[in-house]
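Asks:
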Amino acid sequence: MAQQLRVLQSLWAMERRRADADEWPLQTQLEMIRDAGFDGAGVRFIDPDFATEVTGFLRAHDMIWQAQCYPTSVDDLKPVLDLVARLGADHVNLQPNVRPRRLEDCIPLLEGWRRLSERSGVAVHVETHRDRMTTDLFFMLQLLDCFPDLRLTADISHYLVGREFAWPVDDENHRMMHRVLDNAWGIHGRIASREQVQISLGFPQHQGWVELFMGWWEYAIRSWRKRAGPDAVLTFLCELGPPPYAITGPDGAELSDRWQDALALKAMVKTLWQRIEAEGA
Numbered sequence: 015m016a017q018q019l020r021v022l023q024s025l026w027a028m029e030r031r032r033a034d035a036d037e038w039p040l041q042t043q044l045e046m047i048r049d050a051g052f053d054g055a056g057v058r059f060i061d062p063d064f065a066t067e068v069t070g071f072l073r074a075h076d077m078i079w080q081a082q083c084y085p086t087s088v089d090d091l092k093p094v095l096d097l098v099a100r101l102g103a104d105h106v107n108l109q110p111n112v113r114p115r116r117l118e119d120c121i122p123l124l125e126g127w128r129r130l131s132e133r134s135g136v137a138v139h140v141e142t143h144r145d146r147m148t149t150d151l152f153f154m155l156q157l158l159d160c161f162p163d164l165r166l167t168a169d170i171s172h173y174l175v176g177r178e179f180a181w182p183v184d185d186e187n188h189r190m191m192h193r194v195l196d197n198a199w200g201i202h203g204r205i206a207s208r209e210q211v212q213i214s215l216g217f218p219q220h221q222g223w224v225e226l227f228m229g230w231w232e233y234a235i236r237s238w239r240k241r242a243g244p245d246a247v248l249t250f251l252c253e254l255g256p257p258p259y260a261i262t263g264p265d266g267a268e269l270s271d272r273w274q275d276a277l278a279l280k281a282m283v284k285t286l287w288q289r290i291e292a293e294g295a
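Per the numbering used here, residue 15 is the first one in the sequence shown, and the count goes up by one each step.
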């Protein structure tokens with residue numbers, strides 16, 4: 015088998031949160047994801063009943079999933095890994111739901127999670143995310159100094175907003191982002207500006223940011239292809255979140271169609287992969 019890209023859709027991103035419309039039923043959400051050609055979904059594994067229902071649908075349709083969790087301690091990961099042992103998963107996506115101010119306080123947590131991952135045989139990726147251990151880019155780089163082989167899920171939208179890079183992004187900021195991407199074993203996809211964590215793909219004024227993120231994702235894919243095995247799978251999770259991630263107008267309605275943006279993002283990333291694959295890079 016050759017290396018593969020699998021594009022997933024976040025179930026959190028399927029929430030509507032509209033005062034004038036009901037939420038889509040879970041079955042409707044899953045059918046939309048399947049019929050749109052996504053390869054799978056991001057599923058929260060902190061709710062066993064929810065995870066069981068969703069993965070049953072995905073498995074029946076030959077789709078895959080990543081298991082999302084938000085541990086506050088080493089032991090919090092254990093029931094998630096037990097559930098993965100029962101239901102399966104491509105990998106566990108771990109948002110470290112702690113906020114240490116010192117590297118020394120992070121080390122036992124990361125060592126503990128990595129130890130549990132090794133014992134279970136389940137891949138665990140630590141997500142870069144605001145209001146988590148990984149909230150700050152500079153702090154994240156120090157963590158990588160301590161753990162050079164730490165497997166990350168790169169959600170770099172948080173670092174662009176958190177550090178408010180000047181435009182155009184300079185070489186030093188690119189180098190720091192590339193270092194994070196060199197440890198990425200999965201990608202969470204949304205496009206940010208330096209002031210907003212999620213912007214629409216289609217607005218003319220956003221095209222510079224779209225090009226920036228496509229360039230970063232191209233770097234991440236090329237880096238991963240060099241590191242990963244010949245039959246490895248890279249997951250890209252479309253994660254265009256509901257309000258307040260999505261920008262709304264005075265009536266509370268979103269300014270763009272988030273579902274259509276997710277479909278466009280999927281197509282863009284698959285086209286990018288196909289171009290890189292055709293180059294043999």
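Backbone N, C-alpha and C fix where the C-beta goes; we use that ideal spot for every residue, glycine too.
Mind reading off the beta-carbon distance from L155 to M190? Whole number of angstroms is fine, and I expect it under 8 Å.
Replies: Your numbering for residue 155 matches position 141 in the sequence shown. Your numbering for residue 190 matches position 176 in the sequence shown. Indeed, because the Cβ distance is near 6 Å, the residues count as touching under 8 Å.
Asks: Would you mind reading off the limits of the beta strand (DSSP E) that contains R58?
Replies: Taking the first residue of the sequence shown as 1, we reach residue 58 at position 44. It spans G54 to R58 - the beta strand (DSSP E) in which R58 sits, taken as one unbroken run.
Asks: Classify L44: buried if its beta carbon has 16 or more other beta carbons within 10 angstroms, exposed otherwise.
Replies: Residue mapping note: residue 44 aligns to position 30 of the sequence shown, counting from 1. With 16 or more other Cβ atoms within 10 Å, it is buried.
Asks: Beta carbon of H105, beta carbon of H143: below 9 Å?
Replies: As a position in the sequence shown, residue 105 is number 91, starting the count at 1. As a position in the sequence shown, residue 143 is number 129, starting the count at 1. Not in contact: H105 and H143 (Cβ atoms no closer than 9 Å).
Asks: Measure the Cβ-Cβ separation of L251 and G56 and say whether it is below 9 Å.
Replies: Here residue 251 corresponds to residue number 237 of the sequence shown, with the count starting at 1. Here residue 56 corresponds to residue number 42 of the sequence shown, with the count starting at 1. For L251 and G56, yes; Cβs fall inside 9 Å.
Asks: What are the residues that DSSP puts in a beta bridge with R20?
Replies: Locating residue 20 in the sequence shown gives position 6, where the first residue counts as 1. Paired residue(s): T249.
Asks: In the DSSP assignment, find the unbroken alpha helix (DSSP H) run with E186 in it and report its ends.
Replies: Here the question's residue 186 lines up with position 172 in the sequence shown. Segment D185 to L195, the alpha helix (DSSP H) holding E186.
Asks: Output the boundary residues of the beta strand (DSSP E) element that contains L108.
Replies: Here residue 108 refers to the residue found at position 94 when the sequence shown is read from its first residue. V106 to L108 is the span of the beta strand (DSSP E), which, as asked, contains L108.
Asks: Candidates R193, V194 and R208: which alpha carbon is nearest P182's?
Replies: As a working mapping, residue 182 is identified with position 168 in the sequence shown. Ranking R193, V194 and R208 by Cα distance to P182 puts R208 first.
Asks: Hey, could you find the ends of the alpha helix (DSSP H) E29 is sitting in?
Replies: By 1-based counting over the sequence shown, the position of residue 29 is 15. It is not in any alpha helix (DSSP H) - E29 carries neither H nor E in the DSSP assignment.
Asks: Could you pull the DSSP bridge partners for T167 from this structure?
Replies: Walking along the sequence shown from the start, residue 167 turns up at place 153. The partner list for T167 (beta bridge, DSSP) reads E141 and G200.
Asks: Helix or strand or just coil, what does DSSP make of Q80?
Replies: Along the sequence shown, one-based indexing puts residue 80 at 66. Looking at Q80 - three-state DSSP - the assignment turns out to be strand.
Asks: If you drop the 5 nearest sequence neighbours on each side, which residues of the same chain put their C-beta closer than 7 Å to that of F227?
Replies: Counted from its first residue, the sequence shown places residue 227 at position 213. Closer than 7 Å at Cβ, skipping near neighbours: I205.
Asks: Whose CA, out of R30, I261 and A242, lies closest to the CA of V211?
Replies: Taking the sequence shown and counting its residues from 1, one reaches residue 211 at position 197. Answer by Cα proximity: I261.
Asks: Could you check which residue in D90, A35, R32 and L101 has the C-alpha nearest to that of D63?
Replies: Sequence index remark: in the sequence shown, residue 63 carries index 49 (1-based). The shortest C-alpha separation from D63 is found at L101.
Asks: With DSSP as the reference, label E268 as helix, strand or coil.
Replies: In the sequence shown, counting from the first residue as 1, residue 268 sits at position 254. Note: E268 maps to strand in three-state DSSP.
Asks: Report all residues from its chain with a CB closer than 7 Å to the CB of E29; omit the five preceding and five following residues, and keep chain order.
Replies: In the sequence shown, the residue the question calls residue 29 occupies position 15. Contacts found: E37 and P256.
Asks: Considering only residues of the same chain and omitting the five flanking positions on each side of A278, which have a CB-CB separation below 6 Å?
Replies: For this step, residue 278 is matched to residue 264 along the sequence shown. If we look at A278 and ignore the five residues flanking it on each side, its Cβ neighbours are L215.
Asks: Nearest CA to the CA of T167: which residue from L174, G203, F161 and E132?
Replies: Position 153 of the sequence shown, counting from 1, holds the residue named residue 167. Per the Cα distances, G203.
Asks: When you compare only the Cα positions, how much space is there between W230 and D184?
Replies: Here residue 230 refers to the residue found at position 216 when the sequence shown is read from its first residue. Here residue 184 refers to the residue found at position 170 when the sequence shown is read from its first residue. Their Cα atoms are separated by approximately 13 Å.
Asks: Per DSSP, T262 is paired with what?
Replies: Reading the sequence shown from its first residue, position 248 is the one you call residue 262. Looking at the DSSP assignment, T262 forms a beta bridge with E268.
Asks: Does DSSP classify R100 as helix, strand or coil?
Replies: Numbered from its first residue, the sequence shown carries residue 100 at position 86. Looking at R100 - three-state DSSP - the assignment turns out to be helix.
Asks: I'd like the list of long-range same chain contacts for N111, defined as Cβ closer than 7 Å, with 5 residues on each side in sequence excluded.
Replies: Counted from its first residue, the sequence shown places residue 111 at position 97. These residues qualify, in order along the chain: Y84, P85, T86 and R146.
Asks: Is it buried or exposed for E118, if we count other Cβ within 10 angstroms and need 16 for buried?
Replies: Start at 1 with the first residue of the sequence shown, and residue 118 comes out as number 104. That one is exposed.
Asks: State the Cα-Cα distance for the pair D150 and A242, rounded to the nearest angstrom.
Replies: Within the sequence shown, numbered from 1, the residue matching residue 150 stands at position 136. Within the sequence shown, numbered from 1, the residue matching residue 242 stands at position 228. Whole-angstrom Cα-Cα distance: 26 Å.
Asks: Relative to the C-alpha of D90, which candidate in D76, E132 and L123 has its C-alpha closest?
Replies: In the sequence shown, the residue the question calls residue 90 occupies position 76. Of D76, E132 and L123, the residue nearest in Cα terms is L123.
Asks: According to the neighbour-count rule (16 or more other Cβ atoms, all chains shown, within 10 Å of its Cβ), is L254 buried or exposed?
Replies: Stepping through the sequence shown from its first residue, residue 254 is reached at position 240. That one is buried.
Asks: Report the rounded CA-to-CA distance for R236 versus I290, giving the unit in angstroms.
Replies: Indexing the sequence shown from 1 puts residue 236 at position 222. Indexing the sequence shown from 1 puts residue 290 at position 276. Each residue's alpha carbon lies about 7 Å from the other.
Asks: Could you work out which residue in E232, V175 and P39 is closest to T285 when comparing CA atoms only?
Replies: Indexing the sequence shown from 1 puts residue 285 at position 271. Ranking the options by Cα distance to T285, first place goes to E232.
Asks: Taking M15 and D196 to be in contact with their CB atoms under 8 Å, please state how far apart those CB atoms are, rounded to whole angstroms.
Replies: Walking along the sequence shown from the start, residue 15 turns up at place 1. Walking along the sequence shown from the start, residue 196 turns up at place 182. 24 Å between Cβ atoms; not a contact.
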